[in-house]
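Chemist: With the numbering used here applied, the sequence shown corresponds to residues 73 to 358, in that order.
Have a look at this one before I ask anything.
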Amino acid sequence: MKKSRSVTEKTMFIGMALAGLMGGAVLISSFIGSGDNYLVCLLTGGPRSLAVASYSPTETQLRAILHYATSSVVPQQSLAEISVSFDVLKSRAPCNFLVFGLGHDSLMWTSLNPRGTTLFLEEDPKWVQTVLKDAPELRAHTVKYRTQLSQADNLLSSYRSEPQCSPRNAVLRGNTRCRLALDNLPDEVYEKEWDLIMIDAPRGYFAEAPGRMGAIFSATVMARNRKGSGVTHIFLHDVDRRVEKMFAEEFLCRKNLVKAVGRLWHFEIPSAANVSDGGSNSSRFC
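So this is what it looks like as structure tokens:
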């Protein structure tokens, strides 16, 4: 999520498109919950027109519009990929949105969840300082991972032999026995129920990198342990890579895949209590 791109006509186009997306978010958030005839209300001066006229965008939304309209650095995800998460945020915001990774798209994600909670988890403390210097309103925590990409195959083949990794027992906080469990996250991560989880980090493109094995497993556990109503939406980026795809199919499950666009997969994960085919009593996640 940290790589910048050269200043080209393509990047400027995407930047302007994202700026338009931000502006659209302001209007869309005013229309959430309205019927199909909201345009009639606007034209006739009904209550909906008053709501739009009185809508006040957040400072973060305004900063996002300005930033993406003038910046030559754009998010790693394509506009089509971003739109998948955007469509869900339109219906769920304000909500609890957890993002693995802090980068050039972070201000955008926060602005698309106005008055909700958007929290970023990032592996590199220096990068956190760099990003927050320019966008201090973002909320981010540094995370230490205890895996390496080179261990992915072994972790996948051996996790079933550890009872604390099993679907019926898996928790995260303090779970030192399951190497895939992110056991030392800030309390806020464990105490909130996350409506949306974006996995676009940590790094997973060289052997010594942490890889996304733990993030995928832990996001799955969070979703399965959900007590509130509804599903957890999980968005996994870079599924063109072997490890991301392999762990997604093991834990997030093909049956939960609702959309695939470019390098992004969108899953809807029900809580274990609401699964009719075994749920928490199953020995496998899928």
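Each residue gets a CB set at the ideal place from its N, CA and C atoms; glycine is no exception.
Small disclaimer: the values here were computed from a predicted structure and weren't measured.
Taking the alpha helix (DSSP H) that threonine 189 belongs to, which residues open and close that run?
Modeler: By one-based count along the sequence shown, residue 189 stands at place 117. Unbroken run through threonine 189 is the beta strand (DSSP E), 189-194; no alpha helix (DSSP H).
Chemist: Going by DSSP in three states, phenylalanine 307 sits in which element: helix, strand or coil?
Modeler: Taking the first residue of the sequence shown as 1, we reach residue 307 at position 235. In the structure shown, phenylalanine 307 sits in a strand (DSSP, three-state: E or B).
Chemist: For valine 347, which residues of its own chain have a beta-carbon under 6 Å away from its beta-carbon, when the five flanking residues on both sides are left out?
Modeler: Indexing the sequence shown from 1 puts residue 347 at position 275. Here the set comprises nothing.
Chemist: Identify, in the order they occur along the chain, each residue of the same chain with its Cβ nearer than 7 Å to the Cβ of serine 150, setting aside the five sequence neighbours on each side.
Modeler: Indexing the sequence shown from 1 puts residue 150 at position 78. Once the five neighbours on either side are set aside, the close Cβ partners of serine 150 are Gly334.
Chemist: Buried or exposed: where does asparagine 247 fall if 16 or more other Cβ atoms within 10 Å of its Cβ makes it buried?
Modeler: Start at 1 with the first residue of the sequence shown, and residue 247 comes out as number 175. Buried: at least 16 other Cβ atoms inside 10 Å.
Chemist: Around the Cβ of aspartate 259, are there at least 16 other Cβ atoms within 10 angstroms (buried) or fewer (exposed)?
Modeler: Counting from one through the sequence shown, the residue named residue 259 turns up at place 187. By the neighbour-count rule (16 or more Cβ atoms within 10 Å), aspartate 259 is not buried but exposed.
Chemist: What would DSSP say about valine 243, mapped onto helix, strand or coil?
Modeler: Start at 1 with the first residue of the sequence shown, and residue 243 comes out as number 171. Valine 243: coil per DSSP, three-state reduction.
Chemist: Taking just the CA atoms, how far does histidine 309 sit from proline 24?
Modeler: Since the first and last residues shown for the chain are 73 and 358, residue 24 lies out of range.
Chemist: Name, in chain order, the residues that DSSP records as bridge partners for glutamate 340.
Modeler: Counted from its first residue, the sequence shown places residue 340 at position 268. DSSP, once it has assigned bridges, lists His305 as partnering glutamate 340.
Chemist: Within the continuous alpha helix (DSSP H) that includes threonine 132, where are the two ends?
Modeler: By 1-based counting over the sequence shown, the position of residue 132 is 60. 131-142 is the extent of the alpha helix (DSSP H) around threonine 132.
Chemist: What's the call for proline 38, buried or exposed, on a 16-neighbour Cβ count within 10 Å?
Modeler: Any answer about residue 38 is impossible in this case: the structure gives the chain only from 73 up to 358.
Chemist: In this structure, does DSSP put lysine 331 in helix, strand or coil?
Modeler: On the sequence shown, residue 331 is found 259 positions in, with the first residue counted as 1. Strand.
Chemist: With burial defined as no fewer than 16 other Cβ atoms inside 10 Å of the residue's Cβ, what is the status of valine 330: buried or exposed?
Modeler: Your numbering for residue 330 matches position 258 in the sequence shown. Counting Cβ neighbours within 10 Å, valine 330 comes out exposed, since fewer than 16 surround it.
Chemist: Starting from threonine 214, trace the beta strand (DSSP E) both ways and give me its first and last residue.
Modeler: Locating residue 214 in the sequence shown gives position 142, counting from the first residue. Taken as a continuous stretch (DSSP letters only), the beta strand (DSSP E) holding threonine 214 covers 212-214.
Chemist: Considering Cα atoms alone, identify which of Ser157, Met318 and Ala224 is closest to leucine 430.
Modeler: Outside the shown range of the chain, which is 73 to 358, sits residue 430, and nothing can be said about it.
Chemist: Can you say whether glutamine 133 is buried or exposed, counting buried as having 16 or more other CB atoms within 10 angstroms of its CB?
Modeler: The sequence position of residue 133 within the sequence shown is 61, counting from 1. Buried is the call here.
Chemist: Going straight from the alpha carbon of alanine 344 to that of glutamate 265, what length do you get?
Modeler: Start at 1 with the first residue of the sequence shown, and residue 344 comes out as number 272. Start at 1 with the first residue of the sequence shown, and residue 265 comes out as number 193. Using only the alpha carbons, I get a separation of about 14 Å.
Chemist: Quick check: phenylalanine 172 and alanine 287, are their CB atoms within less than 8 Å of each other?
Modeler: Against the sequence shown, residue 172 aligns to sequence position 100. Against the sequence shown, residue 287 aligns to sequence position 215. In contact: phenylalanine 172 and alanine 287 (Cβ atoms closer than 8 Å).
Chemist: What does DSSP give as the partner residues of leucine 168 in its beta bridges?
Modeler: Translated into positions along the sequence shown, residue 168 becomes position 96. Residue identity check: residue 168 is asparagine in the sequence provided, not leucine. Thr189.
Chemist: Skipping 5 residues on each side, what residues in its chain have a beta carbon closer than 8 Å to that of arginine 135?
Modeler: For the purposes of this step, residue 135 is taken as the residue at position 63 of the sequence shown. Only Leu179, Ser183, Ala207 and Glu209 meet the Cβ criterion.
Chemist: Could you have a look at leucine 324 and say whether DSSP puts it in helix, strand or coil?
Modeler: As a first step, residue 324 must be located in the sequence shown, where it is residue number 252. Three-state DSSP puts leucine 324 in a helix.
Chemist: Just confirm the distance between the C-beta atoms of glycine 276 and arginine 218, as a whole number of angstroms; I'd bet it's less than 8 Å.
Modeler: Against the sequence shown, residue 276 aligns to sequence position 204. Against the sequence shown, residue 218 aligns to sequence position 146. Going by Cβ atoms, the distance from glycine 276 to arginine 218 rounds to 15 Å, so no, they are not a contact pair.
Chemist: For aspartate 267, does the count of other Cβ atoms within 10 angstroms reach 16, so buried, or fall short, so exposed?
Modeler: Stepping through the sequence shown from its first residue, residue 267 is reached at position 195. Buried: at least 16 other Cβ atoms inside 10 Å.
Chemist: Quick one: using the 10 Å Cβ neighbour count with 16 as the cut-off for buried, is arginine 298 buried or exposed?
Modeler: For the purposes of this step, residue 298 is taken as residue 226 along the sequence shown, with counting starting at 1. Burial call: buried.
Chemist: How long is the line joining the alpha carbons of arginine 249 and threonine 304, rounded to whole angstroms?
Modeler: By 1-based counting over the sequence shown, the position of residue 249 is 177. By 1-based counting over the sequence shown, the position of residue 304 is 232. Cα-Cα distance, rounded: 25 Å.
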